[in-house]
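For the sequence shown, position 27 matches number 103 in the working numbering, and the numbering has no gaps at all. We put the beta carbon where it would ideally sit given N, CA and C, even for glycine. Encoded as structure tokens, the structure appears first; notes follow it.
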Amino acid sequence: VDVPSLLTDRLELVSLGPDVLKALTGGDPEEAERASGVQFPGDWPGEHRWMFELRTGQMEKDPSCQPWLVRGIVLREDPARRVIGHINFHEPPSEGAVEIGYSIEPAYRRRGYATEAVKAMFDWAERDHGVERFIASVSPGNAASLRLTANLGFVKTGVQWDERDGEEIVFELRRGPGRS
Ligand SMILES: CC(C)(COP(=O)(O)OP(=O)(O)OC[C@H]1O[C@@H](n2cnc3c(N)ncnc32)[C@H](O)[C@@H]1OP(=O)(O)O)[C@@H](O)C(=O)NCCC(=O)NCCS
Numbered sequence: 077v078d079v080p081s082l083l084t085d086r087l088e089l090v091s092l093g094p095d096v097l098k099a100l101t102g103g104d105p106e107e108a109e110r111a112s113g114v115q116f117p118g119d120w121p122g123e124h125r126w127m128f129e130l131r132t133g134q135m136e137k138d139p140s141c142q143p144w145l146v147r148g149i150v151l152r153e154d155p156a157r158r159v160i161g162h163i164n165f166h167e168p169p170s171e172g173a174v175e176i177g178y179s180i181e182p183a184y185r186r187r188g189y190a191t192e193a194v195k196a197m198f199d200w201a202e203r204d205h206g207v208e209r210f211i212a213s214v215s216p217g218n219a220a221s222l223r224l225t226a227n228l229g230f231v232k233t234g235v236q237w238d239e240r241d242g243e244e245i246v247f248e249l250r251r252g253p254g255r256s
């Protein structure tokens, strides 16, 4: 599926389809780079492996969900097109809501890139698909992500136990008429 990039002032969010993710998790970064036109961090997939494998399965089952799933984050000014992080919704909207996930490579943190990428994903979901409810699940010790969600106006709606990540605080952000 050919999914156009999302652009912000500084970033390009490049959709990574099942073939690209499969090449990455299958240990063939050259093929992943050839198929995507971007350059991946040398230690990928690393801790992202389980998530890339999960998303690959989702897209193989239903190719139309690709626009909602994994995007590599690239600096528009970087001619080498190095990936500095990734962002995705966990799945297409369910009951009008989408859950966001993101990560920025350590060397590129604290420059507002995660915030800029999250806003772009929310703008796209709201403008093109009418989504007005956004979820984020954050570990209580994740200062950066707690700050990011607070800055965007997320409010706590509960806590949950994630099999992989343990305790998480669940946040929700509502957008739409009269709210944004
Ligand atoms: C969470 C993460 C994506 C933030 O990326 P980032 O690009 O550094 O975030 P931003 O630069 O947009 O910063 C967002 C806010 O968090 C603050 N922040 C960033 N890192 C922080 C830290 N280590 N401690 C405290 N605050 C921090 C920033 O100062 C900013 O707040 P401010 O504008 O009020 O100053 C990044 O730390 C990361 O990849 N962590 C590991 C993966 C992860 O935790 N993903 C999220 C799971 S819910």
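For residue 212, the Cβ falls inside the 8 Å cut-off from some heavy atom of ligand 1. Within the segment 206–252, the complete beta strand (DSSP E) segments at least 3 residues long are 209–214, 231–238, 242–250, listed from N- to C-terminus. Taking the CA atoms as reference points, residue 129 sits about 17 Å from residue 109.
By the CB criterion at 9 Å, residue 178 and residue 166 fall outside the cutoff. Boundaries of the beta strand (DSSP E) harbouring residue 179: 173–180, taken from the DSSP string.
Per DSSP, reduced to three states, the secondary structure at residue 114 is coil, with no helix or strand assignment.
Each residue's CA atom was taken as its position, placing residue 175 and residue 100 some 24 Å apart.
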